[in-house]
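Everything below concerns the one structure shown next.
This is the structure we're talking about:
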């Protein structure tokens with residue numbers, strides 16, 4: 142081999158080593174500088190999860206101070222202890238093997254003493270090597286409202302959520318079936334428990350409140366009515382209803398059915414009281430697809446709520462459009478391809494009750510430092526004006542009528558001495574009995590609570606979902 146060839150090979154080797162060093166340096170720099178904050182905030186980062194065992198995490202408590210999650214000594218390490226399985230999907234778990242979920246994951250940094258708001262603690266940790274005390278997370282869950290929601294659902298598959306319409310604070314959140322998070326942090330049980338939970342067809346790990354997606358049934362009529370009123374539709378106009386309804390022969394064998402086999406003239410107030418499908422189908426066809434699409438988007442359908450837990454976005458239709466008259470008619474009364482979460486529908490009710498302003502929901506209300514001082518508060522934003530106050534006032538009147546008028550379908554949501562605004566829904570499903578829905582708020586004139594309830598395959602919203610809704614609202618109002 143000539144000296145020239147040897148020199149050329151040495152240059153090539155040197156260049157290769159230099160390139161490899163550069164690539165490695167870029168990678169290290171990226172993870173150290175660019176992605177460090179994301180990596181540190183990732184609840185599945187093994188270094189953060191290791192802190193579950195190496196030191197105690199902070200407590201998670203409800204609005205009364207009741208401890209929902211805390212660390213207990215386990216030999217030379219720590220593991221979590223969970224007090225209430227009714228909030229398992231909210232509180233989540235912090236497992237060395239399976240990572241963190243729920244509040245345990247969202248507020249991971251706060252719970253191990255690295256909250257972004259604790260600037261002094263971060264400085265001491267970085268430059269002095271001092272460990273900061275773990276912080277605690279305060280949830281907005283009201284134990285009385287939570288207990289009422291658990292009792293109202295009575296072990297049936299489904300979900301209940303109650304929120305403060307003015308602040309977005311979640312007062313109660315129940316998803317059934319639930320699970321025992323203690324099994325996921327017990328080395329003797331965790332593998333078996335993890336397998337069983339993931340194999341369970343009823344999906345107990347899913348927070349049905351925010352992640353469950355269902356056709357909303359007649360609760361969707363609130364959005365259809367809002368779209369109509371905002372576009373100038375006259376709610377006093379009489380619309381003829383004859384069951385079954387078909388716009389023309391192009392619909393083939395498709396008909397809109399009346400829940401009560403109605404024949405007669407309906408205005409909007411009566412249509413809400415009797416939950417008249419044909420009326421709302423005709424209203425949707427009258428105002429057109431785009432107005433309904435725009436209003437659904439304004440209310441948040443098809444967009445995941447900006448929640449401090451994982452939340453599903455739902456959909457108005459499979460492709461986002463309502464390009465067929467039959468699909469528009471179906472969607473207008475809550476069927477078609479429409480899918481929403483209970484939280485989204487609670488936000489619809491809350492928005493109407495809050496004079497048309499929608500505030501973002503949140504589970505946590507405060508982050509506290511190791512000494513109990515408030516590091517930061519969560520929630521309390523101004524919100525977005527989704528519909529006019531005038532439209533919200535009209536809808537409130539109709540929703541009160543849907544509960545209180547003689548023969549109203551939502552009569553089961555009545556509360557003595559309180560005006561309740563609400564709407565039931567009976568959502569058809571591909572298989573099994575329909576889902577039962579109720580959404581509402583109270584007192585109608587100055588709402589303190591808004592609720593959404595779905596009971597899977599219950600049968601009828603008025604019979605099965607409205608009474609639980611009343612029970613939860615009574616608890617929130619202290620009655």
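Residue numbers (our numbering): 142 to 620. C-beta atoms are modelled at their ideal positions from N, C-alpha and C, and glycine is treated no differently. These figures come from a predicted structure and were not determined experimentally.
According to DSSP, is residue i part of a helix, a strand, or is it coil?
i	result
residue 298	coil
residue 439	helix
residue 172	Low local confidence applies: a pLDDT of 47 at residue 172 is under 50, so the model's placement there is unreliable, with the coordinate-based value given in what follows. Of the three classes helix, strand and coil, the one that applies to residue 172 here is helix, per DSSP.
residue 187	Since pLDDT at residue 187 reaches only 47, below the 50 mark, its modelled position is unreliable, and no value is offered.
residue 371	helix
residue 245	helix
residue 471	helix
residue 314	strand
residue 570	coil
residue 539	helix
residue 518	strand
residue 305	coil
Assuming residue i contacts residue j (C-beta within less than 8 Å), just tell me the rounded distance between them.
i	j	result
residue 561	residue 583	5 Å
residue 356	residue 479	6 Å
residue 599	residue 553	Not really, about 12 Å apart at Cβ, beyond 8 Å.
residue 227	residue 233	That pair is no contact at about 13 Å.
residue 359	residue 539	Actually they are not in contact, since the Cβ atoms of residue 359 and residue 539 sit about 13 Å apart, beyond 8 Å.
residue 520	residue 276	Actually they do not touch by this definition, with Cβ atoms about 17 Å apart.
residue 524	residue 500	4 Å
residue 482	residue 353	6 Å
residue 350	residue 484	5 Å
residue 507	residue 279	4 Å
residue 302	residue 487	5 Å
Are there 16 or more other CB atoms within 10 angstroms of the CB of residue i, so buried, or fewer, so exposed?
i	result
residue 522	exposed
residue 462	exposed
residue 435	exposed
residue 417	buried
residue 213	exposed
residue 615	buried
residue 337	exposed
residue 348	buried
residue 339	exposed
residue 319	buried
residue 249	buried
residue 238	exposed
residue 621	Residue coverage of the chain in this structure runs from 142 to 620, which leaves residue 621 outside it and unanswerable.
residue 570	exposed
residue 617	buried
residue 573	exposed
residue 385	exposed
residue 425	buried
residue 566	buried
residue 390	exposed
residue 332	exposed
residue 548	exposed
residue 404	exposed
residue 514	exposed
residue 371	buried
residue 502	buried
residue 414	buried
residue 328	exposed
residue 341	exposed
Per DSSP, residue i is paired with what?
i	result
residue 280	505
residue 480	456
residue 581	563 and 592
residue 526	498
residue 240	236
residue 202	208 and 279
residue 214	219
residue 556	559
Please check if any C-beta of chain D sits within less than 7 Å of the C-beta of residue i.
i	result
residue 431	Judged by its chain identifiers, the structure shown contains no chain D, having just a single protein chain.
Beta carbon of residue i: closer than 6 Å to some heavy atom of the ligand NAP?
i	result
residue 575	The ligand NAP is not part of the structure shown, which contains no ligands of any sort.
Review point. Could you give the uninterrupted runs of the alpha helix (DSSP H) lying entirely in the segment 405-432, keeping only those of 4 residues or more?
Key: 409-415 and 418-428
Review point. Hey, which unbroken runs of the beta strand (DSSP E) at 3 residues or more fall wholly within the segment 351-402?
Key: 380-383
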